[in-house]
Amino acid sequence: MNILERYHAMEYGPAPEARNEADAWLAGRDFSKALFIDGAWKAAAGGQTFDTSEPSSGKLLAKVSDAGAADIDAAVAAAAKALPKWSASSGYARAKVLYAIGRAMQRHQRLFAVLESIDNGKPIRESRDIDVPLAIRHFIHHAGWAQTLEKDFPGHKPVGVVGQVIPWNFPLLMLAWKIAPALAAGCTVVLKPAEFTPLTAILFAEICERAGVPKGVVNIVQGGPEAGAAIVNHPGVQKIAFTGSSEVGKIIRKATAGSGKKLSLELGGKSAFIVFEDADLDSAVEGLVDGIWFNQGQVCCAGSRLLVQEGIAEAFIAKVKVRMSRLRVGSPLDKNTDIGPLVDRTQLDRVKGLVAEGAKQGAICWQPDAALPTTGYYHLPTLATSVSPANILAQEEVFGPVLATMSFRNTEEAIDLANNTRYGLAASVWSENVNLALHVAPQLKAGVVWVNGTNMFDAACGFGGYRESGFGREGGREGMFEYLAAKLPAGPAIKPAAAGSAQPIEQADGAAIDRTAKLFIGGKQVRPDGNYSLAVATAKGKLAGEVGLGNRKDIRDAVAAARACKAWPDATAFNRSQVLYYFAENLSGRADEFAARLVQLTGVAAKAAREEVDLSIERLFLYAGLTDKFEGRVHQPPARVVTLALHEPVGVVGIVAPDNQPLLNFISLVAPALAMGNTVVAVPSERHPLLATDLYQVIEYSDIPAGAINIVTGRSAELAGVLAKHDDVDGLWVFADADTCAKAEADSIGNLKRVWTGNGRSLDWASGDAAGDAFLRRAIEVKNVWVPYGD
Amino acid sequence: MSSTIREAGAGASKVMPLPARAAANTPVPLEHGIARNPGMKLDLGFLESVRNVNRSALERRVATLTKRRSIKADNQAAWLLRAIACMDLTTLNSNDTDERVRRLCAKAINPLRRDIVEGLGIAGETIRPAAVCVYHPFVATAVEALRGTGIHVAAVSTAFPHGLAPLSTRLQEIEASVRDGADEIDVVIPRGLVYGAKWRELFNEIVAMRAACGDAHLKVILGTGDLSTLRNVMLASMVAMMAGADFIKTSTGKESVNATLPVGLAMVRAIRAYFEETGYLIGFKPAGGISTAKASLDWLVLMKEELGRPWLEPDLFRFGASSLLTDIERQLEHHLTGHYSANHRHAMA
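Next up, the structure:
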């Protein structure tokens, strides 16, 4: 074409990004020695390699050393060796290293971007303008956290050696999200990039060599599932951070159960993109482009479910189709490409299969009329309409450029549809009405909500999910906690309850009127479903009374009551505060009675019993007062946007309480959960449950809404198991024997509930450290609501 | 040619009108035939439906838009030629003279150095600005200087740049310029009508202006730098189109904020909404502050992405610019020689 012809055609033509520097870098490396362990480049001990290829052509890029268990051993050993010195180094020293990494990445940012696009297939515009700048920002941001660690996180220490396993969709950015906070916290790391995309991590390791990262602090091991499993199962690792599929996340949860390893999981999603009739529709269309056609839809928080209000649905879909027809599918290294290839043939096959299945289930799948490149794993952007909520395209994470569309009638239905998923990673809300947007955002079960925007990220703003999208946050203050450990005051080891019925209990003397302790469910005292009882002994082995023997159906009823209770989570913090104060007030009115009960059941001296009661009241007072003080933050990321980090209740929290200090431990666990607006299903001390059943009347007198607190007495281990397997329980705190704790973690994978256990130990509940932020933090989810502004 | 303002009826017969809509450039057949916008009744319900404009979303769109598209090598040269063809070469200074206007017209007729034209291989085709844009007193001068070229003469009118003269005066000004031979009239709106949401009054004024234009094309300048919000820009754009604007235009060049891409995006989306509602294609003219070849490409990308190929023709897209042409020339020379050029190597206007 001559210039005149081009003048008439007015096409963009190719605008290729030069790749000579990246090719030179590739040619200059020995990828068979690509394991960066203890500051040195090593081949896999077994000598094996795997292939990494270019998604746009299928051509082989490199044969990369493939770490096995022995290599992971070496990497963990190096990290462990480096840990004491690194964690003891000053915050300033660590800040300088993080800063140096960030700046060095900045100096090589185009090489990072080009390599990323070659290896992953993402358009160069995205790697250049989004992935790499965000990764750099992450390191520079975390330099500050390193330096202010002691001031901002008093009483915390680095969690130790961290194993990190990251996915292929944002190879460098996910590396940054993992390594930056770990180094800031004083941890050392063993990180495994995804097999599909090892290259930028290798370049990053070279940067570490030059940026003054001490040997062994950052170890980067290339490999596949075997290497990943070796990291997850390694006894020398104190924390696992994983980003990837929910399926693998569950495997990791199960594998680490009982190990005491700290765990954060950032998993899949099926995020809702809600367009109300008063939205700026043209802008919402662009939001979709950034939501579902960003990175070929291979984004965990992709806005893959479009929910559009009925009155505008037809017009909106028409606009979407016009916009889709302008998307350019092509080479990732062309600056004019909007959509590149998927990462691999397997991924392409998977997406195609899901689209075909969705169509079979009744969805109408529309694609723009565009030619695909002849090589590479390309998939056209796809719009699925007539999608029923049960359709596979509405249910399953596609991880491709496929948008499923549904309409809604009103706000309530929009929220219901948005929350009608096992996932809970992100959501977008489009409306020009700030009242509506801020009404909807808190009701969405998602860790990130973007108002009139989508896929906004920043190092200062936490990112992470609700439900089966995982737990833990990355970025910001909440992300730092994932790499820190707070020391809680240790209590006694908990022994498993003796099997079978307890030894015969001697009848107590006295002629008091017989009392029946039932279960407390939905604000009522109810008989246990099984109609069996459990004898409760005094400290002297006499019969103190009998409590209901709760079973799985009682737990089922209690969870249903807790779920149905809206009055408590919807109450204002001040309202909850007053109720908890009143609870304390009413307990204090019966302090003598509870002290006597403690003496009777546990055999403590009268003075100690009275102290425990007083401390219980004090603790209720504490949480009543903190109810409206453990608040979220407001972030100001580098854009005209305010990000509200809201503290929301986890939801329905199961609590399995230990035997030591039975009144105090019960209050210490239940009160923080209630304070933050959770509803609770509590299993009190198995040995001394009468202290909890005695509380029924106090609770009934204290204006606590029905269902906010439910108490099921019985065998702790059994009931913990039922709670762990209940998929409508959002959080579970277990202080029981080690076996029960491990099982609770392993059994929690049904819905990936947030489990906190004492790993077989109790706490010293009387200690002042057995209260406060460490408890409240477990009682909340942080939801980041992004609100761009300007008019 | 007289440089005094012509009163209605006085001396108009001395000026021959241009042939109806001759083209400055070799015309290109478009997919859409462009029927002149007849306007419509003022529909306040429809107006209300376009009220939702989210500034930060528009800013994000334009920020990524210019990064999503890159035009290189021969394509870049072709696109820059397109920018020339869509240019209203403009002089709007208090100290303009007939001689200055003649010089501008000469530049419009021969916008590129001969060696550049030959080097680019475009000698077989006429590529030059679509119009010359002047104040009323210079209309006749420009008409004379451009006679037979097909280059249109646009007059800024209606108490440019503020629009605050009596309506009758403003309408007479249009009529005078039309009589002098201007076949495009760039009018300004009184911005206060937008702030007061006096849509009926604004609509009626523009309808009257359109009537005063007769066959001359009406470009309605919104003075977007004075309108504060993109919502105001959207609403004013829509009222102007309903009232029969052929083009909507951003700025006079005299506001403190000139044409910006977010404003442009709001306006082209208004054009799209009007097209979807009525089927009529309305032109868009960003003006003020567009002085670099790179900026002109950004605007062309905006048009192609948001409205499509028809809006890359002078019938539907114009730049209001004065110094842009020289920068484009320099870029085109660089394209041919690989040397960065200097302003003084190109004939000034």
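Residue numbers (our numbering), protein chains in the order written: chain A, 394 to 1184; chain B, 26 to 374. Cβ coordinates follow ideal geometry from the N, Cα and C atoms, glycine included.
Interface flag, residue i vs chain A, CB-CB below 9 Å
i         : result
B:Trp-104 : yes
B:Ala-98  : yes
B:Leu-114 : no
B:His-57  : The predicted model places B:His-57 with a pLDDT of 47, which falls under 50 and marks its position as unreliable; any figure quoted below should be read in that light. Cβ-Cβ to chain A under 9 Å: no for B:His-57.
B:Leu-325 : yes
Exposed unless 16 or more other CB atoms sit within 10 angstroms - verdict on residue i
i          : result
B:Leu-306  : buried
A:Phe-967  : exposed
A:Pro-1181 : buried
A:Ser-821  : buried
B:Asp-140  : exposed
B:Glu-354  : buried
B:Gly-64   : buried
B:Gln-101  : buried
A:Ile-396  : buried
A:Tyr-439  : Position check: residue 439 of chain A holds Gly in this sequence, whereas Tyr was assumed. Result: exposed.
B:Ser-193  : exposed
B:Met-112  : buried
A:Gln-900  : exposed
A:Glu-707  : exposed
Minimum Cβ-Cβ distance from residue i to chain B less than 9 Å
i         : result
A:Leu-699 : no
A:Met-799 : no
A:Arg-399 : yes
A:Ala-402 : yes
A:Glu-679 : yes
A:Glu-703 : no
A:Asp-683 : yes
A:Leu-453 : no
A:Ala-408 : yes
A:Ala-575 : no
Boundaries of the beta strand (DSSP E) in which residue i is found, first to last residue
i         : result
A:His-772 : Run containing A:His-772: none; DSSP gives neither H nor E here.
A:Ser-458 : 453 to 458
Beta-carbon neighbours of residue i, restricted to chain A and to distances below 9 Å
i         : result
B:Ile-147 : Asn-395, Ile-396, Leu-397, Tyr-400
B:Glu-209 : Chain A residues near B:Glu-209: none, gap ~23 Å exceeds 9 Å.
Chain B residues whose Cβ lies nearer than 7 Å to that of residue i
i         : result
A:Arg-719 : Glu-330
A:Arg-518 : Lys-92, Arg-93
A:Arg-351 : Given a span of 394 to 1184 for chain A in the structure shown, any question on residue 351 of chain A remains unanswerable.
Bounding residues of the alpha helix (DSSP H) (the contiguous stretch that carries residue i)
i          : result
B:Ser-262  : 255 to 267
A:Leu-1112 : 1109 to 1118
A:Ile-644  : 639 to 649
B:Thr-116  : Here B:Thr-116 belongs to no alpha helix (DSSP H), and DSSP marks it neither H nor E.
B:Arg-172  : Run containing B:Arg-172: none; DSSP gives neither H nor E here.
Listed by chain order, chain A residues near residue i by CB distance under 7 Å
i         : result
B:Arg-94  : Tyr-405, Asn-729
B:Leu-337 : Met-403
B:Arg-225 : Those do not exist, as B:Arg-225 stays about 24 Å from chain A at its closest Cβ, beyond 7 Å.
B:Glu-150 : Leu-397
B:Arg-334 : Met-403
Within chain B, partners of residue i - CB distance below 8 Å
i          : result
A:Asn-845  : Asn-79, Ser-81, Ala-82
A:Gly-1183 : Arg-80, Ser-81, Glu-84
Cross-chain neighbours of residue i in chain B, by beta carbon under 9 Å
i          : result
A:Asp-737  : What A:Asp-737 touches in chain B: nothing, since even the nearest Cβ is about 25 Å away.
A:Asp-1130 : Residues of chain B passing the Cβ test: none, with the nearest at roughly 54 Å.
A:Ala-830  : Result: empty, since nearest Cβ-Cβ is about 11 Å, beyond 9 Å.
A:Glu-875  : Near A:Glu-875 there are no residues of chain B at all, since even the closest Cβ is about 30 Å away, more than 9 Å.
From the options, residue whose alpha carbon lies closest to that of residue i
i         : options                                     : result
B:Glu-84  : A:Ala-930, A:Asn-413, A:Glu-679, A:Gln-441  : A:Glu-679
B:Asp-271 : B:Val-245, B:Ser-202, B:Ala-222             : B:Val-245
B:Asp-352 : B:Arg-334, B:Glu-331, B:Ala-374, B:Pro-335  : B:Ala-374
A:Ala-594 : A:Glu-1111, A:Phe-429, A:Ala-695, A:Asp-464 : A:Phe-429
A:Glu-414 : A:Thr-931, A:Leu-508, A:Ile-1102            : A:Leu-508
A:Met-498 : A:Arg-530, A:Val-469, A:Leu-1083            : A:Arg-530
Distance cut-off 8 Å: residue i Cβ against heavy atoms of the ligand NAP
i         : result
B:Leu-192 : Annotation note on the ligand NAP: not contained in the displayed structure, which lists no ligands.
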